[in-house]
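Numbering of the sequence shown is given in the numbering used here, commencing with residue 44 and proceeding in unit increments. Note that the Cβ used here is the ideal one computed from N, Cα and C, for glycine as well. Heads up, the thing below is written out as structure tokens.
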Amino acid sequence: MPEYREKLWASPAPFLATALLMPASILVFAPISMLWGIIIAIVLYGAAILTLLLTAPVVSVADGVFTAGRARIGTELIGEAVPFEAAEATLERGRRLDARAWLLIRGWIGPVVRVPIEDPQDPAPYWLVSTRHPTTLAAAINGSRRPASSN
């Protein structure tokens, strides 16, 4: 069975954007104490970086289970996964999006994979998951859906 694992790390942009916490906190605390303003700025930036690192979700396919963040589903309950990149991925995240779909979207990752849910008790028609390797993820999901061929 194919296996896949990807941690959806943030791109450099969110790390740079959180750096704006530093001058903002220095501005707030400088009238009280410049030293404390700098210390608080460093602590806040460190906390923001740590949060970005610790909250990065994992997308994986292993042992017949597809995991996207905290959500898990057996691959026997899903349909054929379809990868989307560039403009098609934008449409999937926007105009084509079904409001009932379950989403694991990260703004800093463009490509997505749509995974239809074939469980009649599940209200979500599909999962839409961000990934940097949509073709590889879709292949792992689709490969895990099929029984191993006997030779």
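Rounded separation between residue i and residue j - CA only
i	j	result
LEU140	LEU96	28 Å
ASP165	ALA132	24 Å
SER193	ASP106	Below a pLDDT of 50, predicted positions are generally treated as unreliable, and SER193, at 41, falls in that range; the measurement from the model is reported next regardless. Rounded to the nearest angstrom, the two C-alpha atoms are 18 Å apart.
ARG48	SER187	13 Å
ALA124	LEU59	34 Å
VAL158	LEU120	10 Å
LEU63	THR118	42 Å
ILE85	MET65	7 Å
ARG175	GLY137	18 Å
ALA53	ALA130	21 Å
LEU78	ASP162	58 Å
ALA167	THR61	34 Å
Beta-ladder partner(s) of residue i, from DSSP
i	result
PRO159	TYR169
VAL125	ARG157
ARG188	Answer is none; ARG188 lacks a bridge partner.
ALA114	ALA111
ARG138	In the DSSP output, where bridge partners are listed per residue, ARG138 has none listed.
Beta-carbon proximity of residue i to residue j, cut-off 8 Å
i	j	result
LEU51	ARG149	yes
ALA181	VAL156	yes
ALA56	TRP170	no
PHE127	PRO177	yes
VAL104	ARG115	no
ALA111	LEU147	yes
LEU93	SER68	no
Extent of the continuous beta strand (DSSP E) run through residue i
i	result
SER103	101 to 105
ARG175	Premise fails: ARG175 is in no beta strand (DSSP E) and is neither H nor E.
LEU147	145 to 147
Counted within 10 angstroms of its Cβ, other Cβ atoms place residue i as buried (16 or more) or exposed
i	result
ALA183	buried
TRP145	buried
VAL172	buried
GLY80	buried
VAL71	exposed
Boundaries of the alpha helix (DSSP H) in which residue i is found, first to last residue
i	result
TRP79	77 to 97
ILE69	64 to 72
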